[in-house]
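Engineer:
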Amino acid sequence: MDSLLDRLGNDEGAGGTAAPSLVPVLLPVALDQTYDYLPLAEQAGLTDAAAAHVQPGSFVLVPFGPQMRIGVVWDHSIGNDGAKPVNPKKLKALDSVLDVPPIPAISLKFAEWISRYTLTPLGMVVRMMMSAQSIFEPEKPRFGVRYVPDAADPPRLSPARQRVLDTAADGLIRTKAALAEAAGCTTGVVDGLVTSGNLVDVALPERKPARLDPAHKANSFSEAQESAVATLRSAVDARNFSVSLLDGVTGSGKTEVYFEAVARALAQGRQALIMLPEIALTSQFMGRFEARFGGAPVEWHSALSPADRGRIWKWVARGEARVVVGARSALFLPYPDLGLIIVDEEHDTGFKQDDRVHYQARDMAVVRANLGDFPVVLASATPSIESHVNARTGRYRHVILPGRFSGAELPDVQAVDLRAEPPDKGRWISPRLVEAVTETLAKGQQSLLYLNRRGYAPLTLCRSCGHRIECPQCSAWLVEHRFRNRLHCHHCGFSLPVPEKCPKCGSEGGMVACGPGVERVAEEVAERFPEARVALLSSDLIPSLVEMREIIKKIEAREADIIIGTQIVAKGHHFPGLALVGIVDGDLGLAQGADPRAGERTFQLLHQVTGRAGRAEIVGRGLVQTYNPEHPVMQAIVSGDRDAFIEREIQVRQRGLLPPYGRLAALIVSARHKETAERVAREIARAAPYSERIAVLGPTEAPLAVIRGRHRWRLLVKAPREMDMQTYLRAWLAAVPPLKGDVRLTVDVDPYGFL
Ligand code: ADP
Ligand code: ZN
Ligand code: ZN
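In case it helps, this note's numbering puts the sequence shown at residues 747 to 1501.
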């Protein structure tokens, strides 16, 4: 990240200024240039007021080819240097200005920065910032219904109608859906009572975000917390750019502490953004926020409806949303006066987006704070190596919370050497872990069994001929999902019913499931502990965020004895009754050979998961099943010696010139035909400009050689930290002959995926 910062400042956009009478407009398409239009005022019949309305960031409708398209007025023209000036007679005029708040000037700058850093066409970045087509649709007025006291009874007074009338008799205005739900009937019943005149439609006021009060609840802090609070408050008070790394074990009170920084920004009248890895947008967090600020924050995540997205986008743009809690894309909302960003669980790789625009949201949050000249706080119990290095070199303030607020001890973690203590054949839970679960159950406490693998079994093979069932479109095995009785591809979504016969040799009943997924662990648990109440948490089994929150609440309320889950249980939850965490496969994350962060990531995950145990009055315990108990990651987890692990990782990175000591970029070439992908990848490699200091590795076939029927080849670019990777890549890409046919080239700067 530091390396990003080195380059801030010399970021004036390319291109000159448009002739004053022309308006540069950027279209949300894969292009890096603006188009010039005549202003509105040039048209007959328009007032100056309407023309004055057009400002940089305004959304306008413009004729583009045969179509009308929505574009954004830019503050200078881009990418037109050297182009022949357009014949003035051919210039077209803006059609109209849309009644949508403009994108703030700082967001335009931010978009240019991201485009340059990630080598993504600016139009695509802006498209991402527009978030939802629904921002251009007027908000539908909402109606509720109210009881009409002196109306005659409806013609047919069914029990359902009676219940609706009984509920509505209190005179409150409710939406039809809310009334129907309260009365336990369909909205059709409510509609009927509107027709009969017993209920009347009433327009509801426009929805607004909750009012937040920075002084709603005063917290008292421990001494260590108090000093962290003071540091963060002074960072906000300074009203300039700074990065603080809030580093404290789970349960140390990081959330409570950073809430005080948020309160300060609120008191200054500025907007604040709290970024969480998607899944951690839990009801628990929202509840705590409400308790502290007297109102709910505005939430931004992938499960929002288009209408919600549009509404929230406008709330943010108009400054009505004071605090947004959101996943990575919340960073691109149009904040006119953002004054603070918190990135919680900053180490989480969920902040890296690998789709369309490839960006690391934590890093881009730091860039955004720098552009806006305000502080950013990165919080984690297991900060990334990048952030540790920045804290060591003094670029980041290191704010440490040493122990748990409750005084509870960190869990005692032990390794279970699966070579010495293997589970029974066809089972996945070792005798020691079984015993620990049994003891925990006897004490009426909760256990969590963690396995980061969805489904029942990762591989299905034929006993007779050894055939392994693969995805027809990907080089990956199909994963059995027994609840659905189907085999699924986790890369492309392909699925088929579990076959009775071997698709290759035709032998019947000989297909065997190999290896465990969470569903299989759940099956073993049901057999071993038939009396235990089990909660299975796997994203594919939970239809919605609402239901997910329901299950989490049940676990918190100790309505489950054994919790079995994937990653989604690892993050941000607080289960007070949880005493034991068993990691079914501790080695799972280490296998990704090419990934320089595999060790770090496994450490973080295992630390986070085992850290779920014993957060309240219970002493926690962790058991990690592994075939590699001597691996440094296992050693670090068991000994709890985080610092030694970090020290070792830092040295590895330093020696290998890996991030943050070096820069990486991946180029992925894909095509329908393997030969094409390979040939083009080799051509691209040959076009690489020579540099003494930059190494281009590959091309090699990607570990995941085929996805969705596309063959993939990878190149990895390695550069020392002080090199300008983007300039090098741009020069290189300019030398690559245009891609033909179905060939695609993806550039991933600072890659986190190596498959
Ligand atoms: P972290 O974010 O570091 O995991 P939290 O902020 O979630 O820690 O705190 C862990 C638990 O301790 C929470 O239940 C929280 O309410 C409680 N807690 C932490 N600090 C305080 C405090 N100063 N006063 C009251 N409760 C606190
Ligand atoms: Zn077979
Ligand atoms: Zn597939």
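In this text, a Cβ means the ideal position worked out from N, Cα and C, and glycines have one as well.
Quick caveat: nothing in here was measured; it's all calculated off a predicted structure.
Would DSSP call HIS1093 helix, strand or coil?
Structural biologist: DSSP places HIS1093 in coil when its eight states are reduced to three.
Engineer: Does the separation of the CB atoms of PRO847 and ARG1064 fall below 8 Å?
Structural biologist: A contact, by the Cβ cut-off of 8 Å.
Engineer: Is the beta carbon of THR1219 less than 8 Å from the beta carbon of GLY1455?
Structural biologist: The sequence shown places Gln at residue 1219, not Thr. For GLN1219 and GLY1455, yes; Cβs fall inside 8 Å.
Engineer: DSSP three-state call for ASP959: helix, strand or coil?
Structural biologist: Coil.
Engineer: For the beta strand (DSSP E) that contains TRP1459, what are its first and last residues?
Structural biologist: Residues 1456-1466.
Engineer: For ALA790, which residues of its own chain have a beta-carbon under 6 Å away from its beta-carbon, when the five flanking residues on both sides are left out?
Structural biologist: Its pLDDT being 49, under 50, ALA790 is placed unreliably in this model, and the value from its coordinates should be taken loosely. Same-chain partners within the cutoff: there are none.
Engineer: For VAL1493, which residues in the same chain have their Cβ closer than 7 Å to its Cβ, ignoring the five residues on either side in sequence?
Structural biologist: Cβ within range, chain order: LEU865, ALA1411, LEU1413, LEU1475.
Engineer: Compute the Euclidean distance between the alpha carbons of PHE805 and ASN1116, then round it to the nearest angstrom.
Structural biologist: Rounded to the nearest angstrom, the two C-alpha atoms are 26 Å apart.
Engineer: With a cut-off of 8 Å, do at least 3 Cβ pairs link the segment 1460-1472 to the segment 1429-1443?
Structural biologist: Touching, yes, given that three or more Cβ pairs across the two stretches are closer than 8 Å.
Engineer: Around the Cβ of HIS1104, are there at least 16 other Cβ atoms within 10 angstroms (buried) or fewer (exposed)?
Structural biologist: Buried, by the Cβ-count rule.
Engineer: Ignore the nearest five residues each way along the sequence and tell me which others in HIS1093's own chain have a CB closer than 7 Å to its CB.
Structural biologist: Counting only Cβ-Cβ distances below 7 Å, and skipping sequence neighbours, we find SER1126, THR1128, PRO1129, SER1130, GLN1350.
Engineer: Please specify which runs of the beta strand (DSSP E), each continuous and at least 3 residues long, are wholly inside the segment 829-887, giving them in chain order.
Structural biologist: Listed in chain order, there is nothing to give.
Engineer: Just to confirm the assignment: which complete alpha helix (DSSP H) runs, minimum length 4, are found wholly within the segment 924-1004?
Structural biologist: Runs of the alpha helix (DSSP H) inside the segment 924-1004: 933-941, 969-983.
Engineer: Report, in whole angstroms, the separation of the C-beta atoms of LEU958 and ARG1068, which I expect to be a contact under 8 Å.
Structural biologist: Confirmed, about 5 Å.
Engineer: Output the distance between the C-alpha atoms of ALA1073 and GLU1429, rounded to the nearest integer angstrom.
Structural biologist: If you take the alpha carbons of ALA1073 and GLU1429, they lie about 38 Å apart.
Engineer: Please classify ALA1154: does DSSP put it in a helix, a strand, or coil?
Structural biologist: Coil.
Engineer: Looking at VAL891: is its Cβ nearer than 8 Å to the Cβ of LEU945?
Structural biologist: Yes, these two residues count as a Cβ contact at 8 Å.
Engineer: Once the 5 residues before and after VAL1415 are set aside, which same chain residues still bring their CB inside 6 Å of it?
Structural biologist: Answer for VAL1415: ALA1423, VAL1426, ALA1427, TRP1459, LEU1491, listed in chain order.
Engineer: CB of CYS1251 to nearest heavy atom of ligand 2: below 7 Å?
Structural biologist: CYS1251 Cβ: within cutoff of ligand 2.
Engineer: Ordered along the chain, which non-local residues of its own chain (more than five positions away) have a Cβ less than 7 Å from that of SER1048?
Structural biologist: So the list reads GLU1024, ALA1073, once near-sequence residues are dropped.
Engineer: Any idea if ALA765 is buried or exposed, counting beta-carbon neighbours within 10 angstroms, 16 or more meaning buried?
Structural biologist: For ALA765, the pLDDT reaches just 45, beneath the cut-off of 50, and the residue's location in the model is therefore unreliable, leaving the point undetermined.
Engineer: From ALA1477, ALA1306, ARG1409, HIS1419, pick the residue whose C-alpha is nearest to that of TYR1519; which is it?
Structural biologist: As displayed, the chain neither begins before 747 nor continues past 1501, which places residue 1519 out of reach and without an answer.
Engineer: On the criterion of 16 or more Cβ atoms from any shown chain inside 10 Å, does HIS1227 qualify as buried, or is it exposed?
Structural biologist: Per the 10 Å Cβ criterion, buried.
Engineer: Below 8 Å on the Cβ atoms is my contact criterion, and I expect PRO960 with PHE1039 to pass it. Report the Cβ-Cβ distance as a whole number of Å.
Structural biologist: Right, the Cβ-Cβ distance comes to about 7 Å (below 8 Å), so this counts as a contact.
Engineer: Here's the rule I'm using: 16 or more other beta-carbon atoms within 10 Å means buried, otherwise exposed. How should VAL1489 be labelled?
Structural biologist: Answer is buried; the Cβ neighbour count reaches 16.
Engineer: Would a check of beta-carbon distances place LEU1224 closer than 8 Å to chain D?
Structural biologist: Considering every chain present, this structure includes no chain D. It has just one protein chain.
Engineer: Pick out the complete beta strand (DSSP E) segments inside the segment 1374-1461, 3 residues or longer, and give them in chain order.
Structural biologist: Listed in chain order, they are 1408-1417, 1441-1453.
Engineer: With LYS1098 as the anchor, note down where its beta strand (DSSP E) starts and where it stops.
Structural biologist: Here the beta strand (DSSP E) through LYS1098 covers 1098-1101.
Engineer: In three-state terms, what does DSSP make of ALA790?
Structural biologist: Unreliable positioning characterises ALA790 in this predicted model, as indicated by a pLDDT of 49, which lies under 50. The coordinate reading is nonetheless provided below. Here ALA790 sits in coil by DSSP.
Engineer: Could you tell me the alpha carbon to alpha carbon distance between GLU1246 and GLY1255, rounded to whole angstroms?
Structural biologist: Approximately 6 Å between the Cα atoms of the pair.
Engineer: What residue range is occupied by the uninterrupted beta strand (DSSP E) comprising GLY1311?
Structural biologist: Its beta strand (DSSP E) spans residues 1308-1311.
Engineer: Report yes if the C-beta distance between GLU1265 and TRP1174 is below 8 Å; otherwise report no.
Structural biologist: Going by C-beta atoms, GLU1265 is not nearer than 8 Å to TRP1174.
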